[in-house]
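Number of protein chains: 2
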Amino acid sequence: MGFNNANSAQAEILVIGDEVISGFIVDTNSKFLGQRIFELGMRVSRITKIGDDSSAIQECVENALERSDWIILTGGLGATHDDITKSVVMKVFGSNLRRDEKVAAMLQEIFKRRNRDIPDSVQTQCEVPDNCRVLYNEVGTAPGFRFEKKGHVLFCLPGVPHEMKHLFEQYIAPEISKHSHQVFTQRILKTTGISEAGLWEKVGSIAELQKKVNIASLPSHLGVRIRLSCNEATKEEGEAAIDEAEQELMGKIGQYVYGRNEELLEEIVGQLLTEKSMTLATAESCTGGLIGHRVTQISGSSKYFKEGFVVYSNDAKVSRLGVDQNTLEKYGAVSEPVARLMAEGVCRVSRADIGVSVTGIAGPTGGSEEKPVGLTYIAVSDSKGTWCGKYIYTHDRIKNKERVAQTALNLVRLKLLGLLREENENAKLP
Amino acid sequence: MGFNNANSAQAEILVIGDEVISGFIVDTNSKFLGQRIFELGMRVSRITKIGDDSSAIQECVENALERSDWIILTGGLGATHDDITKSVVMKVFGSNLRRDEKVAAMLQEIFKRRNRDIPDSVQTQCEVPDNCRVLYNEVGTAPGFRFEKKGHVLFCLPGVPHEMKHLFEQYIAPEISKHSHQVFTQRILKTTGISEAGLWEKVGSIAELQKKVNIASLPSHLGVRIRLSCNEATKEEGEAAIDEAEQELMGKIGQYVYGRNEELLEEIVGQLLTEKSMTLATAESCTGGLIGHRVTQISGSSKYFKEGFVVYSNDAKVSRLGVDQNTLEKYGAVSEPVARLMAEGVCRVSRADIGVSVTGIAGPTGGSEEKPVGLTYIAVSDSKGTWCGKYIYTHDRIKNKERVAQTALNLVRLKLLGLLREENENAKLP
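Okay, structure coming up:
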């Protein structure tokens, strides 16, 4: 719901390349462009991907120019024989080639830095269509082009993602913004530890909220993202409407919301640890190191992450963390008592303020009637005590590991916020 | 190069949904379909994505039916008000609705298993167009449809990826195969530890090879994938041509090729460890647990993975692995002597047959003139001795970590194959 921007001007995306339509590479450009154009308040009406076939490209460009105000084309501007976009577009616009001295100078500069001669094939990049504006590319060798016909604008960009993004932000985003009469504002609330249905049950009716903002939710095995968006005349009005909606939602589901927009759970955990001057250590069995990996994705994590143990074997659980051999034998490695001893052990051994442990059966093998695949215990320990939860996940091995790591990090977050108590119902949710 | 199949029949993909063109979700369906159709020997000419807009959908379907022999449409078949594909397609084909008792029975079965009543909205799924073949969906609630007009076929599939894949394999793949006069055969050789340019330099001219098979290469920061493909009348002929090309390539670049097609480096390492009945332990600093995480992605890894240490702090390097405090102070944590002591230490402490260690500066902070961001030492130790390599990676923090883990796993592979010697030039390559 609520994906259409009200603005009447339409944008269209064309992606060129055999490797894209044959599925050999994942096209991330059209997702980026779709999202950015949408954010700029423009409606994307269509995305078309075609192979390196000049008549098909020509037909698509001509139809798009009839239909849409803004066309953004990526791909096929490189210097190999497959790259035919330039010649096709020149045919559509009746262009001739001219030499562009600025492009030539920029290429010289690039290859000077690389300490190499400019290959002949790359030299052809200095030849540009004579009836377009050149989009000078500071981060690569292929320049982009801006053509215009009867008020309809075609931008041609190279397909290399970082070059495409650079030229988009430099030349296209400012121009689209100027023509967009509304400002599209959006905010993502990232939740975890509750299902999509559970979330909306807690929120109740959103009919009133929907009058002010559009609300959409997108579930994945790591949590549900809630998107709040609206079109208003100014950024300030949009932000204010979203602030209000967020506040209302937060009153009902606040504890499940760990971050906004691009914020990562491991980043939020790092901020909380930093604020409280506390340190963390991990004791992982089934996740195999994934929790430590995620914690250390954040620059500066060495300040609060002391160390991690991947205690895959029973021996390691005993030798590294001092898990009691009798408890291990009596309850098995995947059990609440062992998870608790692991979390307490890792605190003691590493002298970290908070210890988190996971022990489970990631699958697909290793399960039993009593202890099915996906059964996992996660414990969090600090000076105040140890909390332990039981979870059963039913994904495949890889998704199970991801979900366990996500839950473990979320439990650390809740512990740091003082929200982890035995009576807390959140504890029982996945 | 070599992406076009010679077969004359053309397939086209249509993806419906506002959430796809606004970039809110990543469309993985069109990549899957592009790849599978290509593998089945058919040429995909175009992928079009449009929003939930009935006139645009109608226009696209009508144009595709004019142009292409096979059209595969996904999305918009759900039971909410946004899902308008069924009504649009019925307009194109002049259909009426009829009740399908088999769909009704399947829905009843699904909701009985869930112990829930069938919601009214889902009941509408029993109503199907009267002039199509129904594609019964065993894994979801939305059936698919097969329409035909003047020999051109339109398949409509739901957008949920696993439902789409299920119906594709069940109904579409067999039909496309039957109409494909050639068989497309392909094989991916996965390499790491060498650049794309370095690889082709070692291979030399591929003009002769290209007469028999198409060769394409796709570099990423984790390695270069080489795709060998050809169109032959039979699968056997295709495989034979590819076998021959692979053999020739392997003679020149064999040691860089760690696997084929979907094989993972951690899987190959696991196979080698299993074959040799050897065990592995990891000592990670800058990768933070990523190597352990990757090793344990493989089901059954508990048989050969003993344990891992994430020794993020200097203290941990000393206490867990017995790294000498003086060496640490003299050379610093990111140094060859420390990497060596870590690999040897983890073997000794865990009693694993092979130990791998990494210590580096992932960035973006923490670098100096003498020790820049990206500087990493990776050591592999076994009973025969310890090997250590120095690497400088220039990606961002996250990609640096990924690349270090990839190199570390590859060094374990080379060690297990007896290919890791000081004089081995591979050692000096990234």
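Heads up: the protein sequence lines correspond to chains W and S, in order.
Using my numbering, you'd call the opening residue of the first sequence number -8 and step up by one each time.
Using my numbering, you'd call the opening residue of the second sequence number -8 and step up by one each time.
For every residue, glycine included, the Cβ atom is placed at its ideal position computed from N, Cα and C.
Since the structure is predicted, the reported quantities are computational estimates derived from the model, not experimental observations.
| task | Measure from the C-beta of T287 of chain W to each C-beta in chain S and report whether the shortest distance is under 8 Å. | result | The residue you call residue 287 of chain W lines up with position 296 of the first sequence. Using a CB distance cut-off of 8 Å, T287 of chain W counts as an interface residue toward chain S.
| When the Cβ atoms of the region 362 to 370 of chain W are set against those of the region 324 to 339 of chain W, are three or more pairs found closer than 8 Å? | yes
| query | Who are the neighbours of V371 of chain S on chain W, taking C-beta pairs under 8 Å? | reply | As a first step, residue 371 of chain S is located in the second sequence; it is residue number 380 there, counting from the start. Contact of V371 of chain S with chain W by beta-carbon distance below 8 Å is absent, the smallest such distance being about 18 Å.
| Going along the chain, which residues of its own chain have a beta-carbon closer than 6 Å to the beta-carbon of K37 of chain S, five neighbours each way excluded? | Mapped onto the second sequence, residue 37 of chain S falls at position 46. The sequence given here places Arg at residue 37 of chain S; Lys does not occur at that position. So the qualifying residues of the chain are E3.
| request: Indicate the three-state DSSP secondary structure (helix, strand or coil) for N87 of chain S in the structure shown. | output: By 1-based counting over the second sequence, the position of residue 87 of chain S is 96. The answer is coil: DSSP assigns N87 of chain S none of H, G, I, E or B.
| said: Please state whether the Cβ-Cβ distance between G323 of chain W and Y247 of chain W is less than 8 Å. | reply: Here residue 323 of chain W refers to the residue found at position 332 of the first sequence. Here residue 247 of chain W refers to the residue found at position 256 of the first sequence. In this structure, Y247 of chain W does not lie closer than 8 Å to G323 of chain W by Cβ.
| message | Quick check: the Cα distance between D387 of chain W and G358 of chain W, rounded to an integer number of angstroms? | response | Start at 1 with the first residue of the first sequence, and residue 387 of chain W comes out as number 396. Start at 1 with the first residue of the first sequence, and residue 358 of chain W comes out as number 367. Their backbone Cα atoms lie some 13 Å apart in a straight line.
| request: Could you work out which residues of chain S lie near Q26 of chain W, taking near to mean beta carbons separated by less than 9 Å? | output: Translated into the one-based positions of the first sequence, residue 26 of chain W becomes position 35. Near Q26 of chain W (Cβ distances below 9 Å), the residues of chain S are S13, G14 and F15.
| Looking at chain S, which residues of the region 33 to 48 of chain W have a Cβ within less than 9 Å of any of its Cβ atoms? | From the region 33 to 48 of chain W, only R34, V35, S36, R37, I38, T39, K40, I41, G42, D43, D44 and A47 have a Cβ closer than 9 Å to chain S.
| request: List the residues that DSSP assigns as beta-bridge partners of T273 of chain W. | output: As a first step, residue 273 of chain W must be located in the first sequence, where it is residue number 282. T273 of chain W pairs with W:G299 and W:V347.
| request: For D43 of chain S, count neighbouring C-beta atoms within 10 Å of its own C-beta (all shown protein chains included) and say buried if the count is 16 or more, exposed if not. | output: Counted from its first residue, the second sequence places residue 43 of chain S at position 52. Counting every other CB atom within 10 Å of its CB across the protein chains shown gives D43 of chain S a total of 16 or more, marking it as buried.
| request: Assuming K392 of chain W and T278 of chain W form a contact by the criterion Cβ under 8 Å, report the distance between their Cβ atoms to the nearest whole angstrom. | output: Against the first sequence, residue 392 of chain W aligns to sequence position 401. Against the first sequence, residue 278 of chain W aligns to sequence position 287. Confirmed, about 5 Å.
| request: Taking N122 of chain S as the reference, give the member of S:V144, S:D108, S:N128 and S:Q114 with the closest Cα. | output: Residue numbering aside, residue 122 of chain S sits at position 131 when the second sequence is read from its first letter. Measuring from the Cα of N122 of chain S, the nearest candidate turns out to be S:V144.
| request: Taking 8 Å as the cut-off, decide whether the C-beta atoms of I16 of chain W and L209 of chain S are in contact. | output: By 1-based counting over the first sequence, the position of residue 16 of chain W is 25. By 1-based counting over the second sequence, the position of residue 209 of chain S is 218. Cβ distance < 8 Å, so I16 of chain W and L209 of chain S count as in contact.
| task | Would you mind telling me which residues of chain S sit closer than 7 Å to A334 of chain W, beta carbon to beta carbon, in chain order? | result | By one-based count along the first sequence, residue 334 of chain W stands at place 343. Correct list: empty, because the minimum Cβ distance to chain S is about 16 Å.
| Backbone secondary structure at V325 of chain W - three-state DSSP | As a working note, residue 325 of chain W is residue 334 in the first sequence. Coil at V325 of chain W, not helix or strand.
| Name the DSSP beta bridge partners of G214 of chain W, please? | As a first step, residue 214 of chain W must be located in the first sequence, where it is residue number 223. In DSSP, G214 of chain W forms a bridge with W:S211.
| query | In three-state terms, what does DSSP make of A418 of chain W? | reply | The residue given as residue 418 of chain W occupies position 427 in the first sequence. Note on A418 of chain W: pLDDT 42, under 50, position unreliable in the model; no value is reported.
| Residues of its chain near N(-2) of chain W, where Cβ-Cβ distance is below 7 Å and the 5 sequence neighbours each way are ignored | As a first step, residue -2 of chain W must be located in the first sequence, where it is residue number 7. Model confidence at N(-2) of chain W stands at a pLDDT of 45, short of 50, so the residue's coordinates are unreliable; what they give is reported in the following sentence. Annotation for N(-2) of chain W: G32, M33, R34, S171, H172 and Q173 place their beta carbon closer than 7 Å to its own, counting only its chain and skipping 5 residues before and after.
| query | What residues are listed by DSSP as bridge partners for S372 of chain S? | reply | Residue numbering aside, residue 372 of chain S sits at position 381 when the second sequence is read from its first letter. Paired residues: S:G346 and S:T377.
| said: Among W:L158, W:M97, W:T76 and W:F159, whose alpha-carbon lies nearest the alpha-carbon of P120 of chain W? | reply: Walking along the first sequence from the start, residue 120 of chain W turns up at place 129. For P120 of chain W, the nearest C-alpha among the options comes from W:T76.
| Roughly how far, in whole angstroms, is the beta-carbon of F300 of chain S from the beta-carbon of Y303 of chain W, given that I think they are within contact range, below 8 Å? | For the purposes of this step, residue 300 of chain S is identified with residue 309 of the second sequence, where counting begins at 1. For the purposes of this step, residue 303 of chain W is identified with residue 312 of the first sequence, where counting begins at 1. About 12 Å; that fails the 8 Å criterion.
| field | First through last residue of the alpha helix (DSSP H) which encompasses E239 of chain W | value | Counting from one through the first sequence, the residue named residue 239 of chain W turns up at place 248. Element bounds for E239 of chain W: K226 to I244.
| task | Could you tell me which of W:L148, W:D344 and W:L24 sits nearest to D74 of chain W, measuring between CA atoms? | result | Along the first sequence, read from residue 1 onward, the residue named residue 74 of chain W stands at position 83. Checking every option, the nearest Cα to that of D74 of chain W belongs to W:L148.
| task | Pull up the distance between the alpha-carbon of V364 of chain S and that of P355 of chain S, whole angstroms please. | result | Looking up residue 364 of chain S in the second sequence gives position 373. Looking up residue 355 of chain S in the second sequence gives position 364. Taking the straight line from one Cα to the other gives about 7 Å.
| field | For S310 of chain S, the nearest candidate out of S:V337, S:Q288 and S:V325 (CA to CA) | value | Residue numbering aside, residue 310 of chain S sits at position 319 when the second sequence is read from its first letter. Residue S:V337 is the option with its Cα nearest to S310 of chain S.
| task | Please confirm if C209 of chain S has its CB atom under 8 Å from at least one CB of chain W. | result | Here residue 209 of chain S is taken as the residue at index 218 of the second sequence, counted from 1. According to the sequence shown, residue 209 of chain S is Leu rather than Cys. A Cβ of chain W is located within less than 8 Å of the beta carbon of L209 of chain S.
| query | Tell me which same chain residues have a C-beta within less than 8 Å of the C-beta of L200 of chain W, skipping the five on either side of it? | reply | In the first sequence, residue 200 of chain W corresponds to position 209, counting from 1. Cβ within range, chain order: I206, A236, E239 and L240.
| message | Starting from F15 of chain S, trace the beta strand (DSSP E) in both directions and tell me its first and last residue. | response | As a first step, residue 15 of chain S is located in the second sequence; it is residue number 24 there, counting from the start. Careful: F15 of chain S lies outside any beta strand (DSSP E) and carries neither H nor E.
| request: Kindly provide the ranges of any alpha helix (DSSP H) runs that are 4 or more residues long and lie completely inside the region 158 to 203 of chain W, ordered along the chain. | output: 164 to 170, 187 to 194 and 198 to 201
| task | Classify L408 of chain S as buried or exposed, calling it buried when 16 or more other Cβ atoms lie within 10 Å of its own Cβ. | result | Your numbering for residue 408 of chain S matches position 417 in the second sequence. Exposed, because fewer than 16 other Cβ atoms sit within 10 Å of the Cβ of L408 of chain S.
| field | E360 of chain W, DSSP secondary structure in three states | value | Translated into positions along the first sequence, residue 360 of chain W becomes position 369. Residue state, collapsed to three classes: coil.
| said: Distance check for E258 of chain W and K22 of chain S, CA to CA, integer angstroms please. | reply: On the second sequence, residue 22 of chain S is found 31 positions in, with the first residue counted as 1. On the first sequence, residue 258 of chain W is found 267 positions in, with the first residue counted as 1. About 31 Å.
| query | With C-beta atoms as the reference, is Q116 of chain W less than 8 Å away from V94 of chain W? | reply | Residue 116 of chain W sits at position 125 when you count from the first residue of the first sequence. Residue 94 of chain W sits at position 103 when you count from the first residue of the first sequence. It is a contact, given that the beta carbons lie within the stated cut-off.
| message | What are the residues in the region 146 to 178 of chain W lying within 8 Å of chain S by C-beta distance? | response | Result list empty, no residue passes.
| field | DSSP-derived helix/strand/coil call for Q1 of chain S | value | Within the second sequence, numbered from 1, the residue matching residue 1 of chain S stands at position 10. Note: Q1 of chain S maps to strand in three-state DSSP.
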